[in-house]
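*Asks:* Before I ask anything, here is the structure I am working with.
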Amino acid sequence: MTRNVGGIDRVLRIALGLVLIALAATGTVGLWGWIGVVPLATGLIGWCPPYAIFGINTCKAPQDR
Numbered sequence: 046m047t048r049n050v051g052g053i054d055r056v057l058r059i060a061l062g063l064v065l066i067a068l069a070a071t072g073t074v075g076l077w078g079w080i081g082v083v084p085l086a087t088g089l090i091g092w093c094p095p096y097a098i099f100g101i102n103t104c105k106a107p108q109d110r
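Here the sequence shown stands for residues 46 to 110, where the numbers follow our numbering.
Structure, rendered in structure tokens:
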């Protein structure tokens with residue numbers, strides 16, 4: 046897979062994912078908060094399937110992995 050999620054994008058995805066998961070775990074937002082697993086995973090992996098489909102790349106220097 047070629048990385049298509051860059052630095053700031055990755056940090057924001059990880060932060061958003063952790064916040065949503067924490068809110069879901071404490072019961073603040075309900076079950077839908079567990080959707081935070083998706084941005085957390087894409088931020089940690091550095092690859093986003095919708096970005097690949099639409100040809101979006103926020104990485105400054107794409108790398109194959």
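All residues carry an ideal CB built from backbone N, CA and C; glycine is no exception. Values in this document were obtained by computation on a predicted structure and should not be read as measured data.
Whose C-alpha, out of P84, G91, A97, C93, is nearest the C-alpha of R58?
*Replies:* Residue numbering aside, residue 58 sits at position 13 when the sequence shown is read from its first letter. The shortest C-alpha to C-alpha distance from R58 to any of P84, G91, A97, C93 is the one to P84.
*Asks:* Across the stretch 72-84 and the stretch 97-107, are there enough close Cβ pairs to call them in contact, namely three or more that are closer than 8 Å?
*Replies:* Counting C-beta pairs with one atom in each stretch, the stretch 72-84 and the stretch 97-107 have fewer than three that are closer than 8 Å, which means they do not touch.
*Asks:* Nearest to I53 by CA position, among A70, T87, P94, is which residue?
*Replies:* Mapped onto the sequence shown, residue 53 falls at position 8. For I53, the nearest C-alpha among the options comes from T87.
*Asks:* Restricting to Cα atoms, I'd like to know which of T47, G51, V64 is closest to I80.
*Replies:* Taking the sequence shown and counting its residues from 1, the one referred to as residue 80 is at position 35. Of T47, G51, V64, the residue nearest in Cα terms is V64.
*Asks:* Determine the direct distance from the alpha carbon of A70 to that of V50, and round the result to whole angstroms.
*Replies:* Walking along the sequence shown from the start, residue 50 turns up at place 5. Walking along the sequence shown from the start, residue 70 turns up at place 25. Distance between the alpha carbons of V50 and A70 is about 27 Å.
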